[in-house]
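Chains as they are written, first to last, in the working numbering: chain A, 3 to 149; chain B, 3 to 149.
The beta-carbon is built from N, C-alpha and C at its ideal position, and this holds for glycine as well.
Please read all numbers here as calculations on a predicted model, not as lab measurements.
In what follows, a structure is listed as structure tokens, so that the remarks can point back to it.
Protein chains: 2
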Amino acid sequence: MGFHSNFIIMEDQILNILRKNQLSITDGRKSILRLFLESDNALAHHDIEARTQVKFDRVTVYRTLQIFMDKGIIHTIPTADNSIKYALCRDECEQGHHHDDHVHFVCKKCGTTVCLEEVHVPAVKLPKGFKPQQVEVVVSGTCKECS
Amino acid sequence: MGFHSNFIIMEDQILNILRKNQLSITDGRKSILRLFLESDNALAHHDIEARTQVKFDRVTVYRTLQIFMDKGIIHTIPTADNSIKYALCRDECEQGHHHDDHVHFVCKKCGTTVCLEEVHVPAVKLPKGFKPQQVEVVVSGTCKECS
DNA sequence: TGTATCTTTGCAACTTAGTTGCAAAAGTTT
DNA sequence: AAACTTTTGCAACTAAGTTGCAAAGATACA
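Structural data, given as structure tokens:
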């Protein structure tokens with residue numbers, strides 16, 4: 003299977019995701035979604051603004067990320083340095099109900115952030131009275147490439 | 003032991019912390035440190051700016067938080083909504099070497115963030131090649147008061 | 001205790017991040 | 001292709017965070 007076929011498959015995937023979520027097909031949404039599909043690590047707002055071929059307005063990027071969040075297409079990864087990163091949700095995520103129950107890893111050397119889909123968040127036992135709804139685990143250290 | 007004695011003890015504690023960390027004693031540093039000692043939950047930058055009796059410049063607050071971080075007096079708590087909160091480190095924390103190995107809890111109703119000192123972060127097993135240095139666990143849900 | 005020295009503060013001016021309203025442009029439906 | 005709906009870009013704004021510098025304050029030392 004050549005490069006061209008892969009390209010067609012990704013373009014199809016983009017359209018499917020947008021249609022499945024009842025979003026109208028626009029250049030901005032396609033470009034940003036393509037960026038996420040092409041990238042194996044999480045993206046910050048400014049990465050997205052910088053890396054799209056065609057330049058979109060900051061406001062468009064904000065609004066697109068917001069609507070992708072609402073639809074459950076992407077999720078945020080909090081990091082200690084106050085920089086939010088975004089990554090694709092797996093198929094099981096639905097509107098409103100994120101269950102990204104996986105661990106995130108931030109490399110202190112290269113700065114890349116990845117979802118470790120195969121590492122599930124451990125159970126945390128809380129003191130009486132605290133009712134947990136969501137557990138975020140962010141591990142930082144050095145990644146495969148940097149160690 | 004009356005109110006007055008407690009006050010004196012806290013003022014002593016403030017001076018001790020500053021001296022131990024070789025920081026000169028200024029009104030700003032004393033006020034901000036007092037705020038942390040009086041509060042049982044984590045504080046955001048704007049909380050600090052708003053709650054000190056005497057008003058300090060934004061820049062002073064930033065710089066004070068920064069130097070308290072460097073010295074290991076406080077630590078940050080990352081939250082999903084991109085708002086950093088700060089909390090006192092326990093005595094074991096030293097300059098450069100934070101080991102706040104406890105779980106943080108953010109209440110979705112009242113917004114307060116607390117350190118659950120007694121709940122230690124669980125061990126996380128990572129795939130080959132990833133070398134962990136720090137594990138951040140933030141649980142969100144409803145706290146004692148709000149449930 | 002006063003003076004010299006070093007540190008911290010507040011101000012101004014700036015950069016970056018994020019929000020809102022609105023008219024024009026693009027997407028969708030028939 | 002016309003009518004309708006949604007999205008985009010622009011302008012203008014608020015909030016967050018940074019830097020250089022002179023004045024004020026803290027510390028050290030005679």
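For residue i: DSSP bridge partner residues
i, result
"G30 of chain B", "BP columns for G30 of chain B are empty, so no partner."
"E138 of chain B", "A:V140"
"A46 of chain A", "A:K87"
"K146 of chain A", "BP columns for K146 of chain A are empty, so no partner."
"K133 of chain B", "A:T144"
Residue i versus the options, residue with shortest Cα-Cα distance
i, options, result
"I75 of chain A", "A:K111, A:N18 and A:G131", "A:N18"
"R92 of chain B", "B:K133, B:F70 and B:A82", "B:F70"
"I16 of chain A", "A:D49, A:S142, A:C145 and A:L35", "A:L35"
"V121 of chain B", "A:C117, A:P129, A:E120 and A:E119", "A:P129"
"C148 of chain A", "A:V123, A:V126 and A:K111", "A:K111"
"K146 of chain A", "B:E138, B:P124 and B:K133", "B:K133"
"G29 of chain B", "B:T62, B:Q136 and B:S41", "It is Asp, not Gly, that sits at residue 29 of chain B in the sequence shown. The shortest Cα separation from D29 of chain B among B:T62, B:Q136 and B:S41 belongs to B:T62."
"G113 of chain B", "B:V123, B:E13 and B:D49", "B:D49"
"S41 of chain B", "B:I10, B:K73 and B:C117", "B:C117"
"N23 of chain A", "A:K73, A:I11, A:D102 and A:P124", "A:K73"
"D102 of chain B", "B:S85, B:P124 and B:N84", "B:P124"
Cβ neighbours of residue i in the same chain (closer than 7 Å, five flanking residues each side left out)
i, result
"T31 of chain B", "The amino acid occupying residue 31 of chain B in the given sequence is Arg; Thr does not appear at that position. If we look at R31 of chain B and ignore the five residues flanking it on each side, its Cβ neighbours are L20, L25 and T66."
"I27 of chain A", "L17 and L20"
"S85 of chain A", "A46"
"T144 of chain B", "C109, K110 and K111"
Cut-off 6 Å between Cβ atoms - residues of its own chain near residue i, not counting five sequence neighbours on either side
i, result
"F38 of chain A", "L90"
"S142 of chain A", "V108 and K110"
Neighbourhood of residue i by C-beta distance below 8 Å, restricted to the same chain and skipping five residues each side
i, result
"T115 of chain A", "N43, A44, I79, T81, K87, A89, H106, F107, V108 and C109"
"V140 of chain A", "I79, P80, T81, A82, V105, H106, F107 and V108"
"S33 of chain A", "T54, Q55, V56 and F58"
"E119 of chain B", "R92 and H104"
"Y64 of chain B", "H47"
"R60 of chain A", "E51"
"V126 of chain B", "P134 and V137"
"M12 of chain A", "R36, L39 and E40"
Looking at chain B, which residues of the region 43-73 of chain A have a Cβ within less than 7 Å of any of its Cβ atoms? Those would be none; no residue qualifies.
Length-filtered (4 minimum) alpha helix (DSSP H) runs lying within the region 56-129 of chain A: 60-73
For the region 72-89 of chain B, which residues have a CB atom closer than 7 Å to at least one CB atom of chain A, in sequence order? T78, P80, T81, A82, N84 and I86
Going along the region 133-149 of chain A in order, which residues come within less than 7 Å of chain B, judged by CB to CB distance? K133, P134, Q135, Q136, V137, E138, V139, V140, V141, S142, G143, T144, C145, K146 and S149
Where the region 117-128 of chain B meets chain A: residues whose CB sits under 9 Å from a CB there: L118, E120, V121, V123, P124, A125, V126, K127 and L128
Output needed in chain order: residues of the region 103-117 of chain A with a Cβ under 8 Å from some Cβ in chain B. V105, F107 and K110
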